[in-house]
Amino acid sequence: MSDVQQDGRVVAVVGAGPAGIFAAGELAQQGVRVVLINRDVKPGGLAEYGIYPTKYKMKEGLRDQFRKVLEHPNLAYYGNITIGEQGDLTLKGLQEMGFSAVLITAGAQGTKWLGLPGEGLTGVYHAKDLVYHYNSLPPFSERPFAIGQRAAVIGVGNVMADIAHWLIHDKKIEQVTAVARRGPGDVKFTKKEFQGFARNLDVTAFEAELARLRPMLTAANQDVDKAREFILSALPKADPSDSDTRFGFRFMASPVAMHGDANGQVQALEVEETAFTLRPDGSVKLQGTGQTHLLEVDTVVFAIGDSVDAQLGLPLDYSGFAKNPHPQFPIEEASYEAYDAQKGEALPGIFVAGWSREASSGLVGVARKDGRNGAQAVLNYLATLPPSAANTAEAWQGFVAQLSHPVVEKADWKKLEAAEAEIASGRGLPEYKFASNAEMLALLEAE
Ligand SMILES: Cc1cc2nc3c(=O)[nH]c(=O)nc-3n(C[C@H](O)[C@H](O)[C@H](O)COP(=O)(O)OP(=O)(O)OC[C@H]3O[C@@H](n4cnc5c(N)ncnc54)[C@H](O)[C@@H]3O)c2cc1C
Ligand SMILES: NC(=O)c1ccc[n+]([C@@H]2O[C@H](COP(=O)([O-])OP(=O)(O)OC[C@H]3O[C@@H](n4cnc5c(N)ncnc54)[C@H](OP(=O)(O)O)[C@@H]3O)[C@@H](O)[C@H]2O)c1
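So, in structure tokens, the structure goes:
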């Protein structure tokens, strides 16, 4: 651990996505020494491995910001280290090294399955895994994904839009159907994201789908015309299309099972039709009708949001890692303090921020703000502590030294970035990413 000096207070930040990087930067700027630990070799999290691959300008802008933050001499970076029950070090082990506080900004790495029959069939995937795959994050980049010709994507948020974009422009498959348990007025994707593939919308089928649902939706006070207008408003400025993929929506349909063939390959998605009914107070209730239908598809992607990773060793709540409902160090009325609801106790010195605090919630700017707020909660906590006598730096260095695999520090990351830039320039590409850890680590070892 060349860049962390020995003595005084050290904070561990677990996860170097936008939340962790900006939290670590805030702490470092306030004079706290930070060990920033990251599962992935390179920092950036979903900003590097989630944002759609062709958004080069946005991603490079974010990398520039990350580079500036990570330059701070108080901040040491350790990539290729996983914290958790199945990781290189448990959270408890990390705490025992004497860190004055631990801030968890590990994103939402859990896979949110619904527990439906057929989830294990070939061709059934969670969006996160596919997103990591096409964004070249090892080891997802190295895993095979069987993508067929007719895909159902469950959910109608921006992640659905990214997956549809990839299936249409990269895989150029025959048909993509976005399956929504609610109506056209409840889509969550933005017009801008839809414009990336709206040319592939089968407008005739879309109009027929609205006509099918109009009586029920109108009876439940849903404004079908407004919803139609929003979706079709993406068409005039939609990007040109390079594929014949037909894109469509199946509204008011909730997945209940996937059915496979004798080889374990998915061949149909079973959905239950849903309906809106009006409650006496005028509010709308979503209900299953009991009527089911089979959609003949060979690929099913769940784009329904992510959950946090229980193996990190912290209790969970409905939205992320559990937060102290009565925070001692609230920021903007939000709690950043980890909590054990079963014992009814806060977990002193452990904080959560970003998508670890609220899974699948918001854009990079939201994660940046949440990371900084989390750092402020940590600073307020540190202000209540007596001076630290722990030799955390030495304990951490001892741990890193005994690891049986390489660890990636700031200087190594810069070498990787330089090597990627050189390859991109040599091949005339806007960007190049190493798609395996073995490649990256071999390059560093060779140097
Ligand atoms: C498909 C997709 C596309 C998106 N596109 C956009 C977009 O175009 N524009 C936009 O503004 N926002 C976009 N977002 C949202 C944005 O990516 C998130 O808001 C943001 O990245 C969340 O930041 P985070 O730091 O909380 O988590 P993450 O970005 O997920 O970072 C978590 C970090 O923690 C590390 N980690 C995980 N587990 C461990 C562990 N056990 N030990 C150590 N380290 C660990 C990971 O390696 C990772 O580096 C997108 C999100 C998705 C899913
Ligand atoms: N380009 C971008 O800017 C970009 C790209 C990707 C992601 N993001 C951001 O990342 C965050 C997460 O995006 P997201 O798309 O994962 O989440 P999201 O916007 O919350 O959308 C999730 C979708 O899944 C559906 N869903 C959830 N649980 C379901 C269930 N049990 N059964 C059926 N459907 C279910 C939701 O339907 P209901 O409405 O019925 O719950 C919703 O349509 C968002 O803030 C998003 O804006 C941004």
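For the sequence shown, the working numbering assigns the number 1004 to the initial residue and increments by one for each residue that follows. Virtual Cβ for every residue (Gly too), placed ideally from N, Cα, C.
Under the three-state reduction of DSSP, residue 1073 is assigned to helix.
Residue 1444 is classed as buried because its beta carbon has at least 16 other beta carbons within 10 Å across all chains shown. Distances taken from the Cβ of residue 1308 to the heavy atoms of ligand 2 include one shorter than 7 Å. Around the beta-carbon of residue 1255, 16 or more other beta-carbon atoms lie within 10 Å, marking it buried. Restricting attention to alpha helix (DSSP H) runs no shorter than 4 residues, the stretch 1307-1377 encloses none. Residue 1021 has its CB no nearer than 7 Å to any heavy atom of ligand 2. In terms of CA proximity to residue 1246, 1171 leads the group 1218, 1171, 1072. A distance below 6 Å between beta-carbons, with the five flanking residues on each side excluded, links residue 1328 to no residue of its chain. Under a 10 Å Cβ-count criterion, residue 1105 is classified as buried, with 16 or more other Cβ atoms of the shown protein chains found around its own Cβ. Inside the stretch 1008-1091, DSSP marks whole beta strand (DSSP E) runs of 3 or more residues at positions 1013-1017, 1036-1041, 1078-1082, from first to last along the chain.
Nearest neighbour of residue 1121 by Cα position, chosen from 1372, 1303, 1401, turns out to be 1303.
According to DSSP, residue pairing for residue 1179 in a beta bridge involves 1154, 1250. The C-alpha of residue 1370 lies about 14 Å from the C-alpha of residue 1068. For residue 1168, the enclosing alpha helix (DSSP H) begins and ends at 1161-1172. For residue 1029, same chain residues with a beta-carbon under 6 Å away, outside a window of 5 residues either side, are 1375, 1378 in chain order. The C-alpha of residue 1306 lies about 45 Å from the C-alpha of residue 1394. Under DSSP, residue 1288 shares a beta bridge with 1280. Residue 1085 places its beta carbon 8 Å or farther from that of residue 1020.
Annotation for residue 1235: the continuous alpha helix (DSSP H) segment containing it runs 1227-1235. Taken in chain order, the stretch 1380-1446 contains no complete beta strand (DSSP E) segment of 3 residues or longer. Residues 1261, 1263, 1267, 1268, 1269 of the same chain have their beta carbon placed closer than 7 Å to that of residue 1124, with the five preceding and five following residues left out of the count. For residue 1221, the enclosing alpha helix (DSSP H) covers residues 1206-1222.
Between residue 1031 and residue 1037 the beta-carbon gap is near 5 Å, inside 8 Å, which marks them as a contact.
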